[in-house]
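Numbering (this note's numbering), first residue to last: 58 to 504.
Beta carbons are placed, not taken as given, at the ideal position from N, Cα and C, and that holds for glycine.
Everything numeric in this text was worked out from a predicted model, so none of it was measured.
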Amino acid sequence: MSYVDEVFDLVVAKNPAQPEFHQAVKEVLESLRVVIEANEEKYRRDALLERLVTPERQLLFRVPWVDDKGQVQVNNGFRVQFNSAIGPYKGGLRLHPSVNLGIIKFLGFEQIFKNSLTGLPIGGGKGGSDFDPKGKSDREVMAFCQSFITELYKYIGADTDVPAGDIGTGAREIGYMYGQYKRLTGLYEGVLTGKGLSYGGSLARTEATGYGLLYLTEEMLKCNGKDIKGKTIAVSGAGNVAIYAIQKAWQLGGKPVTCSDSTGWIYDSEGIDVALLKEVKEVRRARLTEYAAARSSARYHECGEGSNVWTVKCDIALPCATQNELHLEDAKTLVANGCFAVAEGANMPTTMEATEYLQGSGVLFCPGKASNAGGVATSALEMSQNSERLSWTFEEVDSKLKGIMVNIFHNLDDAAKKYGMEGNYVAGANIAGFLKVAEAMTAQGVV
Ligand code: NDP
Ligand code: 2IT
Numbered sequence: 058m059s060y061v062d063e064v065f066d067l068v069v070a071k072n073p074a075q076p077e078f079h080q081a082v083k084e085v086l087e088s089l090r091v092v093i094e095a096n097e098e099k100y101r102r103d104a105l106l107e108r109l110v111t112p113e114r115q116l117l118f119r120v121p122w123v124d125d126k127g128q129v130q131v132n133n134g135f136r137v138q139f140n141s142a143i144g145p146y147k148g149g150l151r152l153h154p155s156v157n158l159g160i161i162k163f164l165g166f167e168q169i170f171k172n173s174l175t176g177l178p179i180g181g182g183k184g185g186s187d188f189d190p191k192g193k194s195d196r197e198v199m200a201f202c203q204s205f206i207t208e209l210y211k212y213i214g215a216d217t218d219v220p221a222g223d224i225g226t227g228a229r230e231i232g233y234m235y236g237q238y239k240r241l242t243g244l245y246e247g248v249l250t251g252k253g254l255s256y257g258g259s260l261a262r263t264e265a266t267g268y269g270l271l272y273l274t275e276e277m278l279k280c281n282g283k284d285i286k287g288k289t290i291a292v293s294g295a296g297n298v299a300i301y302a303i304q305k306a307w308q309l310g311g312k313p314v315t316c317s318d319s320t321g322w323i324y325d326s327e328g329i330d331v332a333l334l335k336e337v338k339e340v341r342r343a344r345l346t347e348y349a350a351a352r353s354s355a356r357y358h359e360c361g362e363g364s365n366v367w368t369v370k371c372d373i374a375l376p377c378a379t380q381n382e383l384h385l386e387d388a389k390t391l392v393a394n395g396c397f398a399v400a401e402g403a404n405m406p407t408t409m410e411a412t413e414y415l416q417g418s419g420v421l422f423c424p425g426k427a428s429n430a431g432g433v434a435t436s437a438l439e440m441s442q443n444s445e446r447l448s449w450t451f452e453e454v455d456s457k458l459k460g461i462m463v464n465i466f467h468n469l470d471d472a473a474k475k476y477g478m479e480g481n482y483v484a485g486a487n488i489a490g491f492l493k494v495a496e497a498m499t500a501q502g503v504v
């Protein structure tokens, strides 16, 4: 059996009931097959792949907190410190009822390659909790965040592990966590990113993932003789990534016409009104029904009515909500409707079958670990600013972000070409991300 297949079987056997983790590992290992086979003896002797798929450390902890009725609640807390070969662990904290160890491991594994692709010195990690911030009062969210950090603070730090936001963790949660970390340690340091601007945050971090997605998409289209201008764009999600993807899509001359949340989706024939979407989601924290109620060109559809954002005719699709939200049937609909590019804003939103169908149909497809890397890249820029105790202008950060995204696209394009898979940006991203980490792991010996 080939080394790649052996290691994949090992992952499934050793990590039962973690389908998302298996899926992420499979996609990466399949892409690496050609690289691994060329160096099989050496990698095998070094157990490089076994080490790559095994987190350096996994922290699982209890998070007790008191709700507004005086009732004690208990959640599970996670932090997976996956790989520190090229820098301190870096990656977000997801707060969502679906969170479990397998999901955090899939996200942490993806983060290793994503962070490598940014070209910045950051290792891979991820964490979170099955706590649901939805419907909780500010005081309850604060109580949870303080308890979460009271356990996690022992294992994180500006030079060891630097968490940030993800689904359910935004500026409010980062603020409460930062305050508690500072209180417990007495340290005013860049231990978290995505901080508020008044206490060490970076300009453009809020916008970075969505903006970066569009910068990379623009470059991918340009290199394939296409353009965003005048194109209809379908976006899923209505959170941090989706909102700023929609904003930048407009700025680049595109027309984003959809967005969605976990209960329904919007088609707006005039294009999504970003100011209204921000008001509904960032200020009121409300459902998309409120968007539809405020805008006559918008139609709201409940989830499960047999349609979704991918049934809208579009040129470009940007899945920006969550994992496995774009299935084979959706891919077929997109292709039948003439969609020619898909770039992932979320982590692993496209199933493996859907990805293969899109690629096989000639659709330009960029995987999330490349196209959504602008968020973590700007987090690394926030770390730099914290270290030098300076802050850069919006334009400075935004232009660095753009340079990083353009560079990422060319790195994966070049890697795909070099290994005989021109246009396969999934393979290009995995190979380019892997090579740097593998070299660093090899140089640092058996650790
Ligand atoms: P937010 O919490 O800000 O928004 C998430 C959005 O997706 C919401 O509209 C939410 O709907 C929807 N959503 C979440 N879970 C589900 C689900 N199970 N089914 C349907 N809809 C769902 O998160 P972000 O925008 O930050 O994250 C979105 C994606 O981007 C995630 O995959 C994340 O890992 C990835 N990402 C985020 C980065 C960042 O910097 N924030 C960086 C790189 C990737 P509702 O409001 O109803 O829950
Ligand atoms: O998936 C991701 O890259 C993020 N949620 C952002 C991580 C970070 O450290 O900014």
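With a minimum length of 4 residues, the unbroken runs of alpha helix (DSSP H) contained wholly in the segment 404-448 fall at 409-417, 425-428 and 430-444. Out of M462, E339 and R196, the CA that lies nearest to the CA of G176 is found in M462. Residue pairing from DSSP places C316 in a beta bridge opposite I323. Secondary structure note for H358: its beta strand (DSSP E) is the uninterrupted segment A355 to E359.
Taking the Cα of K426 as reference, the smallest distance to any Cα among Q442, T450, M409 and A400 is reached at A400. Boundaries of the alpha helix (DSSP H) around R90: P76 to A95. Scanning the segment 282-310 from its first residue to its last, the whole beta strand (DSSP E) runs of 3-plus residues come out as 289-293. For E410, same chain residues with a beta-carbon under 6 Å away, outside a window of 5 residues either side, are L385 in chain order. R262: member of the alpha helix (DSSP H) spanning R262 to K279, first to last residue. Sequence-distant Cβ neighbours of V331 in its own chain, meaning closer than 8 Å and more than five residues away, are I300, I303, Q304 and W307. Distance from the CA of N487 to the CA of V68, rounded to the nearest whole angstrom, comes to 18 Å. Under DSSP, V129 takes part in a beta bridge, and its partners are V123. In the structure shown, V504 adopts coil according to DSSP, grouped into three states. A contact is defined here as three or more CB-CB pairs under 8 Å, and the segment 243-250 meets this definition with respect to the segment 430-447. The three-state reading of DSSP puts L177 in coil, since its state is none of H, G, I, E or B. Distances between the C-beta of E362 and the heavy atoms of the ligand NDP are all 7 Å or more. Cβ-Cβ distances below 6 Å link N140 to I169, G180 and G181 in the same chain, with the five nearest sequence neighbours on each side left out; the list follows chain order. In the assembly as shown, E276 is a buried residue. Its beta-carbon has 16 or more other beta-carbons within 10 Å.
Relative to the ligand 2IT, the beta carbon of A221 is positioned inside 7 Å of a heavy atom.
Within its own chain, the residues whose Cβ lies closer than 6 Å to the Cβ of K312, once the five positions on either side in sequence are excluded, are T289 and G328, listed in chain order. Using a 10 angstroms sphere on the CB of D470, the tally of other CB atoms reaches 16 or more, which defines it as buried.
Using a Cβ distance threshold of 8 Å, L174 and A489 count as a contacting pair. With a threshold of 7 Å, the Cβ atom of C423 does not count as near the ligand NDP, since no heavy atom of the ligand is closer than that.
If you look at V219, you'll find it in the beta strand (DSSP E) that goes D218 to A221. Setting aside the 5 residues that flank it on each side, H467 has no residue in the same chain whose C-beta is closer than 7 Å to its C-beta. By the C-beta density criterion, Q501 is exposed, having fewer than 16 other C-beta atoms within 10 angstroms. When secondary structure is reduced to three states using DSSP, A473 falls in the helix class. Apart from the 5 residues on each side of it in sequence, L86 sits with its Cβ closer than 7 Å to the Cβ of V61, V64 and F65 in its chain, given in chain order. Taking 8 Å as the upper bound for CB-CB distance, S293 and A378 are in contact here, some 5 Å apart. Cβ-Cβ distances below 7 Å link N481 to Q416 and A473 in the same chain, with the five nearest sequence neighbours on each side left out; the list follows chain order.
Nearest Cα to C371 within the set G227, E413, V420 and Y268: V420.
Closer than 7 Å to some heavy atom of the ligand NDP: that does not describe the Cβ of I169. Just measuring C-alpha positions, the residue of L333, Y272 and F135 sitting nearest S354 is L333. DSSP places R240 inside the alpha helix (DSSP H), whose first and last residues are A228 to T242. Distance from the CA of G432 to the CA of E264, rounded to the nearest whole angstrom, comes to 8 Å. Annotated three-state conformation of S141 is coil, per DSSP.
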